[in-house]
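These notes are about the structure you will find just below.
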Amino acid sequence: MNEPVKPAGKALWHGRFAGGPSDELMAFTESLSFDQKLWADDIAGSLAHVAGLAHAGIISDLERDLIVEALHDVAGEMAAGTFVFGAGDEDIHTAVERRVTEIAGPAGAKLHTGRSRNDQSATDVRRWMKRELAVVAGRIVDLQEVLIARAEQAEGVYLPGYTHLQRAQPVLLAHHLLAHGWALGRDVARILDALVRIDVSPLGAGALAGSSLPLDPDFVATELAFAARFENSMDAVGSRDHVAEALFALTMVAINLSRIGEEFVLWTSEEFGFATLDDGYATGSSMLPQKKNPDIAELARGKAGRAIGNLTGFLATMKGLPLSYNRDYQEDKEPLFDAVEQVTLALGAVSGMIATAKWNTERMQQAADAEVNSATDLAEWLVQRGTPFRDAHSLVGKLVRRHVAGEGSLRSLVEAEAALGPDAAALVAPGVAVQRRTTPGGAGPAAVATQMLRFKNKVHELREAVAAYVR
Ligand code: ARG
246 MNEPVKPAGK ALWHGRFAGG PSDELMAFTE SLSFDQKLWA DDIAGSLAHV AGLAHAGIIS
306 DLERDLIVEA LHDVAGEMAA GTFVFGAGDE DIHTAVERRV TEIAGPAGAK LHTGRSRNDQ
366 SATDVRRWMK RELAVVAGRI VDLQEVLIAR AEQAEGVYLP GYTHLQRAQP VLLAHHLLAH
426 GWALGRDVAR ILDALVRIDV SPLGAGALAG SSLPLDPDFV ATELAFAARF ENSMDAVGSR
486 DHVAEALFAL TMVAINLSRI GEEFVLWTSE EFGFATLDDG YATGSSMLPQ KKNPDIAELA
546 RGKAGRAIGN LTGFLATMKG LPLSYNRDYQ EDKEPLFDAV EQVTLALGAV SGMIATAKWN
606 TERMQQAADA EVNSATDLAE WLVQRGTPFR DAHSLVGKLV RRHVAGEGSL RSLVEAEAAL
666 GPDAAALVAP GVAVQRRTTP GGAGPAAVAT QMLRFKNKVH ELREAVAAYV R
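Sequential numbering of the sequence shown, starting at 246, is according to this note's numbering.
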């Protein structure tokens, strides 16, 4: 039977309703304004569903072909930007179905057989996440490679390592950069791990309970290249923990970028003077002619707050929802899209900022060469000669106190100290302390050379694992 095309303004579900929908309802409940970006995934999902309907003998091969052709037409219109949305298009799903029905007529009206927007939108979002999160993971690996390049160029350069933002011990700049690299590696691993749980097809769950029609969820899962199908139809449409998990993984990336940003804000300040930004990655002031500001670093910091908001906001949305689908779940998309978009932008900008920054190695090394930064080495020198560490710590501490009080250079005080003397005083000389950080994973040259090899292997491994998702 030939269903008449519904005039714009009517919803696809209008049959049960004598009137409406009101403008206010449409304005408040529509998701088309933000789920349009799912169009390619929606069409892919529909192609799989239609193949499944024909496979099960629910529609004829001819009907399948007509719908498939219409779906390709819709894809063409979407890609060309010529698709005309109607006033009754609540979301991307209804828009595509409405247009398919306009093009394919009665065959098009069979597209939604055995399917609900609940399993449809869950399918679309999971497909979108698989692709886009793999892209984000790839961008993180790009940043890791920038860190590798900068660490290799920085051979031998050292700076103070800090705890409590107080100078602690000298570390190689390469070591400092790779510290961020390892954290970013865990971010990639977290995304890859989340992808395992995202890579499950909800299609065939229907509204919540499956179907009386002989649909095969395994068939459509394979068509859509999902690793598995859902095990429970209510869970398939009624869960969003995979979205929350992805939001956390993205928020952690944002937080790690924020921490890098904070360091660049410090390092590029005149007070630190450790780094100078390339002109292409710094901003000027509209009023103060002399200013060169680290706005990328600051926004990397600022946007982390927004990422946290996306995560906690969505967690609050999920809390207390009974099974299975609730319209609240429509709120999964904006935080997710925003987090992916902002983290992607931040990764590009921060990567460029780090790749082009100039290190002021003299300032770094001067700061690291402050005599007191060798205090631990002096204590450990005593330990190697039999002094209990607590006694060594106390003895060196007293010398530092006298040095700070203006009694002389630490070197001269060490030289004059019976338990230490000239051999120990040599440890206070510039550039010596960093050479002595020799333990595995430590901050000195030999340990960092080994670390670099291990880090490169790790990055290579992550690159391969990410590529497996960009099928
Ligand atoms: N746009 C909706 C969403 O994103 C589609 C689902 C609507 N389902 C419903 N039963 N009203 O969740």
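We put the beta carbon where it would ideally sit given N, CA and C, even for glycine.
Please read all numbers here as calculations on a predicted model, not as lab measurements.
Outcome for residue i when other beta-carbon atoms lying within 10 angstroms are tallied against a minimum of 16
{"i": "residue 633", "result": "exposed"}
{"i": "residue 568", "result": "exposed"}
{"i": "residue 561", "result": "exposed"}
{"i": "residue 475", "result": "buried"}
{"i": "residue 249", "result": "Bear in mind that a pLDDT of 39 at residue 249, under 50, signals an unreliable position, so the number given afterwards is only what the model happens to contain. Residue 249 should be labelled exposed."}
{"i": "residue 663", "result": "exposed"}
{"i": "residue 363", "result": "buried"}
{"i": "residue 394", "result": "exposed"}
{"i": "residue 420", "result": "buried"}
{"i": "residue 408", "result": "exposed"}
{"i": "residue 208", "result": "An answer regarding residue 208 cannot be provided, because it is not within the stretch 246 to 716 covered by the chain."}
{"i": "residue 373", "result": "buried"}
{"i": "residue 702", "result": "exposed"}
{"i": "residue 693", "result": "buried"}
{"i": "residue 530", "result": "exposed"}
{"i": "residue 548", "result": "buried"}
{"i": "residue 326", "result": "exposed"}
{"i": "residue 252", "result": "Any reading at residue 252 needs caution, since the residue's pLDDT is 42, under 50, leaving its predicted position unreliable; the model's value is listed next. Flag for residue 252 reads exposed."}
{"i": "residue 344", "result": "buried"}
{"i": "residue 380", "result": "exposed"}
{"i": "residue 572", "result": "exposed"}
{"i": "residue 321", "result": "exposed"}
{"i": "residue 711", "result": "buried"}
{"i": "residue 643", "result": "exposed"}
{"i": "residue 524", "result": "exposed"}
Sheet register partners of residue i (DSSP bridge)
{"i": "residue 406", "result": "414"}
{"i": "residue 520", "result": "604"}
{"i": "residue 474", "result": "446"}
{"i": "residue 188", "result": "No statement about residue 188 is possible, as the shown extent of the chain runs from 246 to 716 and does not include it."}
Supposed close pair residue i, residue j - CB separation, criterion 8 Å
{"i": "residue 283", "j": "residue 337", "result": "5 Å"}
{"i": "residue 504", "j": "residue 443", "result": "Not really, about 26 Å apart at Cβ, beyond 8 Å."}
{"i": "residue 295", "j": "residue 309", "result": "5 Å"}
{"i": "residue 386", "j": "residue 708", "result": "5 Å"}
{"i": "residue 423", "j": "residue 392", "result": "7 Å"}
{"i": "residue 335", "j": "residue 274", "result": "7 Å"}
{"i": "residue 509", "j": "residue 609", "result": "The pair is not a contact, with the Cβ atoms about 14 Å apart (cut-off 8 Å)."}
{"i": "residue 352", "j": "residue 316", "result": "In fact, because the Cβ distance is near 11 Å, the residues do not count as touching under 8 Å."}
Residue range of the unbroken alpha helix (DSSP H) whose run includes residue i
{"i": "residue 360", "result": "It is not in any alpha helix (DSSP H) - residue 360 carries neither H nor E in the DSSP assignment."}
{"i": "residue 698", "result": "690-712"}
{"i": "residue 618", "result": "Taken as a continuous stretch (DSSP letters only), residue 618 belongs to no alpha helix (DSSP H), as it is neither H nor E."}
{"i": "residue 667", "result": "667-670"}
{"i": "residue 291", "result": "284-300"}
{"i": "residue 677", "result": "677-680"}
{"i": "residue 255", "result": "Per DSSP, residue 255 belongs to no alpha helix (DSSP H) and is neither H nor E."}
{"i": "residue 345", "result": "337-349"}
{"i": "residue 462", "result": "462-468"}
{"i": "residue 314", "result": "306-325"}
**Cβ pair count under 8 Å reaching 3, the segment 503-522 against the segment 534-549** = yes
**Request:** Could you tell me whether the segment 639-657 touches the segment 438-455, where touching means 3 or more Cβ pairs closer than 8 Å?
**Result:** no
**Prompt:** Between the segment 576-594 and the segment 489-499, do three or more beta carbon pairs fall short of 8 Å?
**Reply:** yes
**Asked** Between the segment 410-430 and the segment 614-625, do three or more beta carbon pairs fall short of 8 Å?
**Response** yes
**Prompt:** Is the number of C-beta pairs between the segment 594-613 and the segment 398-408 that are closer than 8 Å three or more?
**Reply:** yes
**Message:** Does the structure place the segment 584-595 close enough to the segment 285-304 that three or more beta carbon pairs sit under 8 Å?
**Reply:** no
**Request:** Determine, using beta-carbon pairs with one atom in the segment 425-439 and one in the segment 456-476, whether at least three such pairs fall under 8 Å.
**Result:** no
**Asked** Do three or more CB pairs link the segment 623-632 to the segment 657-676 at distances below 8 Å?
**Response** yes
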